[in-house]
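Peer 1: Residue numbers (my numbering), protein chains in the order written: chain A, 38 to 151; chain B, 4 to 114. C-beta: ideal position from N, C-alpha, C; glycine also. Quantities reported herein were computed from a predicted structural model and do not represent experimental measurements. Supplied in structure tokens, the structure appears directly below.
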């Protein structure tokens, strides 16, 4: 068990809708990272937050946004959903904001767009 | 542009034999490299990293990796494979505040 909790585990919705994915980092970790894993694009880094502040952006679409709250949990918001957004979304956490620290991954949220 | 290649989609090895999972990279500047493993229906687990220093990096669960700058490679190795090592392995490059993942190599260790 990595100590990172992601909810929900599965989400099924329709095109055009909006969803929110939630991540609780390991106790004591201040950084949260979000990733997308899809069959056609593989694993992609989306965004990094540290102690409530955005630190780095990767291949995150404008329809997607994230935030990290004072209690350090993070949410990834996906809007105007398209079929191609179907994927496994992971969050990971680490203690500090240094990129070279090992990241601890949750088990992911599987998003299916119908 | 920076990129990571894992030239083998699948690697099969017999239990007890040495294993190698290959990774090559392309980056301008110093490479910072990681290996992660993913078991079915689970998130990724950190194995090891290369930042600077010794070209042979030791990691978790008996894995090690050899960094070779001239060949732009970072191959993952283990002297004696276990059936429980069967999983999907990802080589990851960090560059410019971005993590770039290889496509993954599925390792099957046969009893």
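Say whether chain B places a C-beta atom closer than 8 Å to the C-beta of residue 145 of chain A.
Peer 2: Here residue 145 of chain A refers to the residue found at position 108 when the first chain is read from its first residue. At least one chain B Cβ lies under 8 Å of residue 145 of chain A.
Peer 1: My assumption, with CB atoms under 8 Å, is that residue 150 of chain A sits in contact with residue 119 of chain A. Please give the rounded CB distance.
Peer 2: Numbered from its first residue, the first chain carries residue 150 of chain A at position 113. Numbered from its first residue, the first chain carries residue 119 of chain A at position 82. Residue 150 of chain A to residue 119 of chain A, Cβ: 7 Å. Contact.
Peer 1: For the region 76–99 of chain A, list every residue whose C-beta sits within 9 Å of some C-beta in chain B, in sequence order.
Peer 2: Residues 79, 80, 81, 82, 85, 92, 93, 94, 95 and 96.
Peer 1: At the 8 Å Cβ level, is residue 130 of chain A part of the contact set with chain B, yes or no?
Peer 2: The sequence position of residue 130 of chain A within the first chain is 93, counting from 1. Residue 130 of chain A does not count as touching chain B.
Peer 1: Do the region 16–33 of chain B and the region 101–112 of chain A meet, that is, are 3 or more Cβ pairs less than 8 Å apart?
Peer 2: Judged by Cβ distances under 8 Å, the region 16–33 of chain B makes no contact with the region 101–112 of chain A, as fewer than three pairs qualify.
Peer 1: Are the C-beta atoms of residue 52 of chain B and some chain A residue less than 8 Å apart?
Peer 2: If you number the second chain from 1, residue 52 of chain B lands on position 49. Yes, residue 52 of chain B lies at the interface with chain A (some Cβ there is under 8 Å from its Cβ).
Peer 1: Using the C-alpha atoms, what's the distance from residue 70 of chain B back to residue 58 of chain B?
Peer 2: The residue labelled residue 58 of chain B in the question sits at position 55 within the second chain. The residue labelled residue 70 of chain B in the question sits at position 67 within the second chain. Cα to Cα, the separation comes out at about 5 Å.
Peer 1: I'd like the span of the beta strand (DSSP E) that includes residue 59 of chain A, first residue to last.
Peer 2: By one-based count along the first chain, residue 59 of chain A stands at place 22. Residue 59 of chain A -> beta strand (DSSP E) spans 56–61.
Peer 1: Is residue 47 of chain B close to chain A, meaning its C-beta is less than 8 Å from at least one C-beta of that chain?
Peer 2: Counting from 1 along the second chain, the entry for residue 47 of chain B is found at position 44. At least one chain A Cβ lies under 8 Å of residue 47 of chain B.
Peer 1: Give me the subset of the region 14–42 of chain B whose CB atoms are less than 9 Å from a CB atom of chain A, sorted by chain position.
Peer 2: Under the 9 Å Cβ criterion, the region 14–42 of chain B contributes 35, 37, 39 and 41.
Peer 1: Determine, for residue 70 of chain B, whether the minimum Cβ-Cβ distance to residues of chain A falls below 8 Å.
Peer 2: Numbered from its first residue, the second chain carries residue 70 of chain B at position 67. Not closer than 8 Å to any Cβ of chain A, the Cβ of residue 70 of chain B fails to qualify, so no.
Peer 1: So, using beta-carbon positions, are residue 63 of chain A and residue 102 of chain A closer together than 8 Å?
Peer 2: Indexing the first chain from 1 puts residue 63 of chain A at position 26. Indexing the first chain from 1 puts residue 102 of chain A at position 65. No, these two residues do not count as a Cβ contact at 8 Å.
Peer 1: Strictly by DSSP, which residues pair up with residue 64 of chain B?
Peer 2: Sequence index remark: in the second chain, residue 64 of chain B carries index 61 (1-based). The partner list for residue 64 of chain B (beta bridge, DSSP) is empty, contrary to what the question assumes.
Peer 1: By Cβ distance, which residues of its chain are closer than 6 Å to residue 84 of chain A, with the 5 residues on each side in sequence left out?
Peer 2: For the purposes of this step, residue 84 of chain A is identified with residue 47 of the first chain, where counting begins at 1. These residues qualify, in order along the chain: 71, 94, 97 and 103.
Peer 1: Assess, as a yes-or-no matter, whether the region 22–32 of chain B is touched by the region 68–86 of chain B under the definition of 3 or more beta carbon pairs within less than 8 Å.
Peer 2: Judged by Cβ distances under 8 Å, the region 68–86 of chain B makes contact with the region 22–32 of chain B, as three or more pairs qualify.
Peer 1: Find the residues of chain A that neighbour residue 107 of chain B, judging by a C-beta separation of less than 9 Å, and give them in chain order.
Peer 2: Position 104 of the second chain, counting from 1, holds the residue named residue 107 of chain B. Within 9 Å Cβ-Cβ: 79 and 80.
Peer 1: Under a Cβ-count criterion, where at least 16 other Cβ atoms within 10 Å of its own Cβ denotes burial, should residue 65 of chain A be classed as buried or exposed?
Peer 2: For the purposes of this step, residue 65 of chain A is identified with residue 28 of the first chain, where counting begins at 1. It counts as exposed.
Peer 1: With a CB to CB cut of under 8 Å and the five nearest residues on each side skipped, what residues in its chain are close to residue 123 of chain A?
Peer 2: Working through the first chain from its first residue, we reach residue 123 of chain A at position 86. Here the set comprises 75, 148, 149 and 150.
Peer 1: Using a cut-off of 8 Å between C-beta atoms, extract the partners of residue 137 of chain A located in chain B.
Peer 2: Here residue 137 of chain A corresponds to residue number 100 of the first chain, with the count starting at 1. By Cβ distance, chain B contributes 35, 52, 54 and 97.
Peer 1: Straight-line CA distance for residue 112 of chain B to residue 104 of chain B?
Peer 2: The residue you call residue 112 of chain B lines up with position 109 of the second chain. The residue you call residue 104 of chain B lines up with position 101 of the second chain. Approximately 23 Å between the Cα atoms of the pair.
Peer 1: Quick one: grab the DSSP three-state call for residue 30 of chain B.
Peer 2: Taking the first residue of the second chain as position 1, residue 30 of chain B is located at position 27. Reduced to three states, the DSSP call for residue 30 of chain B is coil.
Peer 1: Between the alpha carbons of residue 54 of chain B and residue 34 of chain B, how many angstroms are there, rounded?
Peer 2: In the second chain, counting from the first residue as 1, residue 54 of chain B sits at position 51. In the second chain, counting from the first residue as 1, residue 34 of chain B sits at position 31. The straight-line gap from Cα to Cα measures roughly 7 Å.
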